[in-house]
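Using the numbering used here, the letters of the sequence shown map in sequence onto residues 1 to 135. Even for Gly, the Cβ is constructed at its ideal location relative to N, Cα and C. Before any comments, here is the structure.
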Amino acid sequence: MHEASYALAIIDSVLNELRKRGLEGVKVKKIYLQIGELSLIDSTALKNAFEAYSMGSPLEGAELVIEIVPSKFKCKKCGHEWGFREAFPQLEVNIPVIHLYPHLVAEMLKCPKCGSSDIEILQGEEFRITKIEYD
Numbered sequence: 001m002h003e004a005s006y007a008l009a010i011i012d013s014v015l016n017e018l019r020k021r022g023l024e025g026v027k028v029k030k031i032y033l034q035i036g037e038l039s040l041i042d043s044t045a046l047k048n049a050f051e052a053y054s055m056g057s058p059l060e061g062a063e064l065v066i067e068i069v070p071s072k073f074k075c076k077k078c079g080h081e082w083g084f085r086e087a088f089p090q091l092e093v094n095i096p097v098i099h100l101y102p103h104l105v106a107e108m109l110k111c112p113k114c115g116s117s118d119i120e121i122l123q124g125e126e127f128r129i130t131k132i133e134y135d
């Protein structure tokens with residue numbers, strides 16, 4: 001369950017950002033995240049891990065607001081672009097690997113139009129904090 005390590009990274013990043021801004025004592029209300037579809041993050045598990053690990057910190061009780069960024073791939077040979085739904089039949093057996101190593105997706109795919117394996121991931125690997133709301 002790598003959601004726990006993501007939760008710890010969120011906590012560490014937000015607390016560091018608050019320190020940098022001289023806001024150590026503020027109460028955080030919401031943390032906005034963009035998470036790429038390829039990470040296959042379980043949002044509920046992430047929220048539960050965040051809740052458990054943030055207890056006793058200024059982040060305790062903060063809400064995680066998660067936007068899932070859809071995956072988008074591009075063939076470097078023919079320029080065809082497609083998403084996860086179209087790629088899923090090729091990836092289905094490798095879902096456990098993708099869950100831990102989403103960057104390997106490009107190595108597992110072939111272009112559905114021309115068959116090339118020279119694939120670029122345009123989006124879907126994101127994991128970023130976009131906004132922090134606090135009192």
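When DSSP labels each residue in this structure, what does residue i get in the three-state scheme?
i	result
Lys-76	coil
Lys-20	helix
Val-65	strand
Lys-113	coil
Ile-41	coil
Grab the span of the alpha helix (DSSP H) containing residue i for me, first residue to last.
i	result
Leu-33	Looking at the DSSP string, Leu-33 is not in any alpha helix (DSSP H); the run it does join, the beta strand (DSSP E), is 28 to 36.
Glu-107	105 to 108
Can you pull the DSSP bridge partners for residue i?
i	result
Gly-83	Lys-72
Phe-50	Its beta-bridge partners do not exist; DSSP assigns none.
Looking only at its chain, what residues have a beta carbon closer than 7 angstroms to the beta carbon of residue i, apart from the 5 residues adjacent to it on each side?
i	result
Ser-43	Ile-66
Just to confirm my understanding: we take residue i, look at its own chain, exclude 5 residues before and 5 after, and list those with CB closer than 8 angstroms. What are they?
i	result
Glu-86	Pro-112
Leu-23	Tyr-134
Practice item. May I ask you to verify whether the segment 46 to 59 touches the segment 6 to 22, counting CB pairs closer than 8 angstroms and requiring at least 3? Key: Counting Cβ pairs under 8 angstroms, three or more are found: they touch.
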